[in-house]
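A.B. asks: Residues 991 to 1439, numbered by my numbering, are exactly what the sequence shown covers, in order.
Each residue gets a CB set at the ideal place from its N, CA and C atoms; glycine is no exception.
All of these numbers come straight from a predicted model, not from anything done at the bench.
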Amino acid sequence: MTRAFGRLQAPLSQAEAPPALVTAVPRAATTAPSQVERLRAQVMERVDPVRAAELDAAALRTELESLVHEIADRERIEISALEQGRIAEELADDMLGYGPLEPLLQDDSISDIMVNGPDRVFIERRGKVEQTTVRFRSAAQLGAIAQKMAATVGRRIDESSPLVDCRLADGSRVNVVFPPLAIDGACISIRKFAKRKVDLDSMAAGGSMSPAMVRVLEIAARCRLNVVISGGTGSGKTTMMNAMSRLIDHGERIVTIEDAAELQLQQPHVVRLETRPVNLEGRGEITQRDLIRNALRMRPDRIIVGEVRGAEAFDMLQAMNTGHDGSYCTVHANTARDALVRIENMVLMGQSTLPSRAIRTQIASAVDIIVQVARMRDGGRRILQVAEVCGLEGEVITMNDVFSFEYLGDDATGRIRGRWKSPNIRPGFYERLDYFGLGEAWLTALREA
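(1) Under a Cβ-count criterion, where at least 16 other Cβ atoms within 10 Å of its own Cβ denotes burial, should Gln-1074 be classed as buried or exposed?
(2) Run through DSSP, which three-state label would Ala-1184 get?
(3) Straight-line CA distance for Ala-1329 to Ile-1373?
(4) Just verifying my parser: in three-state terms, what is the DSSP assignment at Val-1143?
(5) Just the Cα atoms here: how many angstroms apart are Leu-1002 and Arg-1030?
(6) Around the Cβ of Leu-1057, are there at least 16 other Cβ atoms within 10 angstroms (buried) or fewer (exposed)?
(7) Who are the near neighbours of Met-1230 in its chain, counting only those whose CB is closer than 7 angstroms to its CB and skipping five residues on each side?
(8) Rounded to whole angstroms, what's the CA-CA distance from Val-1015 to Arg-1066? Just pull it up for me.
(9) Using a threshold of 8 angstroms, state whether the C-beta atoms of Lys-1227 and Ser-1101 are closer than that.
(10) Report yes if the C-beta of Asn-1269 is less than 7 angstroms from at least one heavy atom of the ligand MN; otherwise report no.
(11) Mind listing, in chain order, the continuous beta strand (DSSP E) runs of no fewer than 3 residues lying wholly within the stretch 1399 to 1432?
(12) With distances taken between CB atoms, is the gap from Gln-1278 to Asp-1239 smaller than 8 angstroms?
(13) State the Cα-Cα distance for the pair Met-1234 and Arg-1299, rounded to the nearest angstrom.
(14) Hey, would you say Leu-1436 sits closer than 8 angstroms to Asn-1414, going by beta carbons?
(15) Buried or exposed for Ile-1113, please, with buried defined as at least 16 other CB atoms from any protein chain shown within 10 angstroms of its CB.
(16) Return the chain-ordered list of same chain residues with a C-beta closer than 6 angstroms to the C-beta of Ala-1124, the five sequence neighbours on each side being excluded.
(17) In the DSSP assignment, the alpha helix (DSSP H) including Gln-1362 goes from what residue to what residue?
(18) On the DSSP bridge assignment, give the partners of Thr-1220 in chain order.
(19) What is the C-beta distance between Asp-1315 and Asn-1216, in whole angstroms, given that I count them as a contact (C-beta under 8 angstroms)?
(20) What does the alpha-carbon distance come out to for the pair Leu-1332 and Val-1321?
(21) Following the continuous beta strand (DSSP E) through Thr-1246, name the residue where it begins and the one where it ends.
(22) Just the Cα atoms here: how many angstroms apart are Leu-1344 and Asp-1280?
(23) Sorted by chain position, which residues of the same chain lie with C-beta nearer than 6 angstroms to Val-1392's C-beta, five sequence neighbours on each side aside?
(24) Alpha carbon to alpha carbon, how far is Asp-1401 from Met-1193?
(25) Where does Glu-1053 land, buried or exposed, given buried means 16+ other C-beta within 10 angstroms?
(26) Kindly give me the distance between the Cβ atoms of Ile-1180 and Ser-1151, rounded to whole angstroms, as I take these residues to be in contact under 8 angstroms.
(27) If you run the structure through DSSP and keep just helix, strand and coil, what is Val-1015?
(28) CB-CB under 6 angstroms to Pro-1170, same chain, minus the five flanking residues each way: which ones, in chain order?
(29) Just checking my contact of Met-1336 with Ala-1309 at CB under 8 angstroms: how many whole Å lie between their CB atoms?
(30) Let me check one thing: in DSSP terms, what residues is Arg-1163 bridge-paired to?
(31) In whole angstroms, give me the CA-to-CA distance for Phe-1426 and Ile-1276.
(32) With a CB to CB cut of under 6 angstroms and the five nearest residues on each side skipped, what residues in its chain are close to Ala-1010?
(33) Grouping DSSP H, G and I as helix and E and B as strand, with all else coil, what is Ala-1439?
(34) If we ignore side chains and look at the alpha-carbon of each, how far apart do Lys-1187 and Gly-1221 end up?
(35) Name the two residues that bound the continuous alpha helix (DSSP H) containing Gln-1352.
(36) Can the beta-carbon of Val-1033 be found less than 8 angstroms from the beta-carbon of Ile-1061?
Below is the structure:
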């Protein structure tokens, strides 16, 4: 027994004797799963949670490994030093982190983690999805980890409330579907928090856009144009939003509204608001629509909505049309034109009596730019289109391309080749650009495309 264990373990009675079943098991080349589970359970019985909480991760792993070794010797369990270390690390991850998911969460090359029950864990790395060898000991362990994730932000997940959106301490976004909705065990989808701060220049260096597009989007931010970022799931909408938000003046008051806070704004004057689900009594829900309405009373210069997905689209348009220029939001859509149709449909969710023309008039006057992003088949994320919303002609919202991506083929490594072209059209909001002294700079950037 090492001296350090005096701080971690509960006292062991001298009268304790190894169970006969354990001592009767013959030696084998590999440790039987039942023996490992028994060893794990006995280690956890000996750990003092209060004392364990006082240790850092490295010290806890060291002491757990010593405890595993001691109990394995006492119970005469044939187990290698490598397996002892693995068990100690798993126990430490269970106590301090999120069990088998902890190594994946620490791997910066992984952008998404998808758990489809206890035996199937997939990851996305550099745009490609692959299955891992990670496994949970049981559906119960997976369920406990899902509940631990939800509890970190004061939310609950169980059979009576089987859906939850939450975030981890590092900002990673989490969605959990719990049984009975998830038939094969709890399903966890984690969009990892990017530790590396991304700006437009680094996105251009990575091939997501051209230098001319960087300049145009910088001008759009500085001239307080209202921007909708559109794209499919995992296309990079939030990354694009974070990159564009870095261009906002530090003197402006920004209010962000999200279901699960994940935006990484660098400005000093930011108010972060997050929705709240219903409580056990079915009350207390605070929706994005409630938060947008309240944000209008908070004297914001800009309002940023992480994702518009319902009736709050109407309130977002109202905000953009009532002096909160330079506001941003994201929507799920496959093209810039589809984004306008989706916004219209979302407005109708809460304002079903409004005529279509009135809604389209609101959209045309509120939205200045749509940035369409996509994840392509080579795993790369690119801006496919930057479109200007011009106005309403008859019943149709008119648009002009500012930039569009032209596919040119694949290179030798299978990476998509292409270029961004611009029709070099003077935008309808040129007077606003000129008001900020950047009208000619916009036209110059288009000519250089």
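C.D. replies: Short version:
(1) buried
(2) Ala-1184: coil per DSSP, three-state reduction.
(3) 15 angstroms
(4) coil
(5) Residue confidence for Leu-1002 is low, a pLDDT of 43 falling below 50, so the modelled location carries little weight; the figure read from the coordinates is stated next. Between Leu-1002 and Arg-1030, the C-alpha separation is close to 16 angstroms.
(6) buried
(7) Ile-1219, Val-1361, Val-1363
(8) The pLDDT assigned to Val-1015 is 33, lower than 50, so where the model puts this residue is not dependable, and the model offers no usable value.
(9) Not in contact: Lys-1227 and Ser-1101 (Cβ atoms no closer than 8 angstroms).
(10) The model on display carries no ligand, and the ligand MN is accordingly not part of it.
(11) Complete beta strand (DSSP E) runs here, min 3: 1406 to 1411.
(12) no
(13) 21 angstroms
(14) A contact, by the Cβ cut-off of 8 angstroms.
(15) Counting the other Cβ atoms within 10 Å of the Cβ of Ile-1113 gives 16 or more, which makes it buried.
(16) According to the sequence displayed, residue 1124 carries Val and not Ala. Hits under 6 angstroms: Pro-1090, Val-1111.
(17) Taken as a continuous stretch (DSSP letters only), Gln-1362 belongs to no alpha helix (DSSP H), being part of the beta strand (DSSP E) at 1359 to 1365.
(18) Looking at the sequence shown, residue 1220 is not Thr but Ser. Ser-1220 pairs with Val-1321, Gln-1362.
(19) Right, their Cβ atoms sit about 6 angstroms apart.
(20) The residue you asked about is not Leu; residue 1332 is Arg in the sequence shown. Straight-line Cα distance between these residues: approximately 8 angstroms.
(21) 1244 to 1248
(22) Leu-1344 and Asp-1280: Cα-Cα distance of roughly 20 angstroms.
(23) Val-1376, Glu-1378
(24) 20 angstroms
(25) A buried status is given to Glu-1053, since no fewer than 16 other beta-carbon atoms sit within 10 Å of its beta-carbon.
(26) Incorrect: roughly 19 angstroms between the Cβ atoms, too far for contact.
(27) Annotation note: pLDDT 33 at Val-1015 (below 50); position unreliable, coordinate value reported separately. Here Val-1015 sits in coil by DSSP.
(28) none
(29) Between Ala-1309 and Met-1336 the Cβ distance is about 14 angstroms, and since that is not below 8 angstroms, they are no contact.
(30) Residue pairing of Arg-1163 in beta bridges, as defined by DSSP: Arg-1157, Arg-1181.
(31) 38 angstroms
(32) Because the pLDDT at Ala-1010 is just 29, under 50, the model does not fix this residue reliably, and the value given afterwards should be weighed accordingly. Cβ neighbours of Ala-1010 beyond the five flanking positions: none.
(33) coil
(34) 21 angstroms
(35) Counted as a single uninterrupted DSSP element, the alpha helix (DSSP H) harbouring Gln-1352 occupies residues 1346 to 1356.
(36) yes
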